[in-house]
Amino acid sequence: MGRIIAGRMAQQHQPENAWTVSLLHVQPSDHILEIGFGPGTTIQRLAMLTSEGHVTGIDYSSTMVSLASRRNARAIKAGRVKLCRGNVVNLPFANHTFDKVLSIHTLYFWQEPLRALAEIQRVLKPGGTLALTILPREKWPGGGTGTEYCIVYSGDDVVKLMLDAGFTSAHVEPCPLPTQFRELSVIGIK
Numbered sequence: 548m549g550r551i552i553a554g555r556m557a558q559q560h561q562p563e564n565a566w567t568v569s570l571l572h573v574q575p576s577d578h579i580l581e582i583g584f585g586p587g588t589t590i591q592r593l594a595m596l597t598s599e600g601h602v603t604g605i606d607y608s609s610t611m612v613s614l615a616s617r618r619n620a621r622a623i624k625a626g627r628v629k630l631c632r633g634n635v636v637n638l639p640f641a642n643h644t645f646d647k648v649l650s651i652h653t654l655y656f657w658q659e660p661l662r663a664l665a666e667i668q669r670v671l672k673p674g675g676t677l678a679l680t681i682l683p684r685e686k687w688p689g690g691g692t693g694t695e696y697c698i699v700y701s702g703d704d705v706v707k708l709m710l711d712a713g714f715t716s717a718h719v720e721p722c723p724l725p726t727q728f729r730e731l732s733v734i735g736i737k
């Protein structure tokens with residue numbers, strides 16, 4: 548069942564995934580982390596853009612790690628991609644490891660968002676960039692109330708969280724794509 552949902556989500560979210568990657572202005576030598584990579588389509592795109600760099604992914608789901616590993620087998624074998632299972636509040640990486648970090652439609656499920664953002668800030672290099680793409684509260688179906696397991700945020704909420712976590716600046720980038728709901732990305736700079 549997870550594989551079917553992952554396939555549908557990968558197809559449905561392809562436009563905003565590509566848009567989020569474009570916000571990072573990826574360079575060939577970048578070291579990039581994707582948090583919550585799902586079936587690995589964005590990992591695959593990033594690997595093509597970082598011919599001299601490295602792409603790392605962490606996902607809470609062992610099913611997604613398995614799917615993404617198959618999709619990215621060639622890049623993994625070449626040592627250009629590494630995927631692992633883990634949690635955003637305890638990233639298994641050294642300080643100042645990544646030039647760029649991105650996460651798309653995962654913030655809603657983070658139990659400790661401030662702690663998670665502090666972890667991301669820790670693993671970013673000085674001047675590094677985080678792109679966190681969400682569907683904002685005001686665009687959420689059903690009035691944006693969320694649930695106990697799915698917390699929804701406004702762009703301003705995420706800006707405040709990033710600044711509280713130690714980012715030097717953060718701002719909202721509205722998505723220009725004609726998608727069903729209208730996502731936005733909050734860009735944080737370490």
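Residues are numbered in my numbering as their position in the sequence shown, beginning at 1, plus a constant of 547.
C-beta atoms are modelled at their ideal positions from N, C-alpha and C, and glycine is treated no differently.
In DSSP terms, what residue i is bridged to
i: residue 599; result: Per DSSP, none; premise fails for residue 599.
i: residue 650; result: 582, 679
i: residue 735; result: 677, 717
i: residue 671; result: 645
Buried or exposed (CB count within 10 angstroms, at least 16 for buried), residue i
i: residue 712; result: buried
i: residue 697; result: exposed
i: residue 676; result: buried
i: residue 721; result: exposed
i: residue 663; result: buried
i: residue 642; result: exposed
i: residue 678; result: buried
Residues of its chain near residue i, where Cβ-Cβ distance is below 7 angstroms and the 5 sequence neighbours each way are ignored
i: residue 621; result: none
i: residue 710; result: 717
Own chain partners of residue i with C-beta closer than 6 angstroms, once the 5 adjacent residues on each side are dropped
i: residue 604; result: 581, 584, 590, 630
i: residue 659; result: 636
i: residue 716; result: 736
i: residue 683; result: 701, 702, 731
For residue j and residue i, believed in contact at Cβ under 8 angstroms, the rounded distance
i: residue 602; j: residue 628; result: 5 angstroms
i: residue 562; j: residue 597; result: Not a contact, Cβ separation roughly 21 angstroms.
i: residue 704; j: residue 672; result: Rounded, the Cβ-Cβ distance is 26 angstroms, inconsistent with contact.
i: residue 588; j: residue 651; result: Actually they do not touch by this definition, with Cβ atoms about 10 angstroms apart.
Own chain, CB closer than 8 angstroms to residue i, minus 5 neighbours either side, in chain order
i: residue 633; result: 605, 606, 607, 639
Checklist entry - For the segment 599 to 636, which segments carrying the alpha helix (DSSP H) assignment without a break, of at least 4 residues, lie completely within its bounds, in sequence order? => result DSSP runs (the alpha helix (DSSP H)) wholly in the segment 599 to 636: 609 to 618, 620 to 624.
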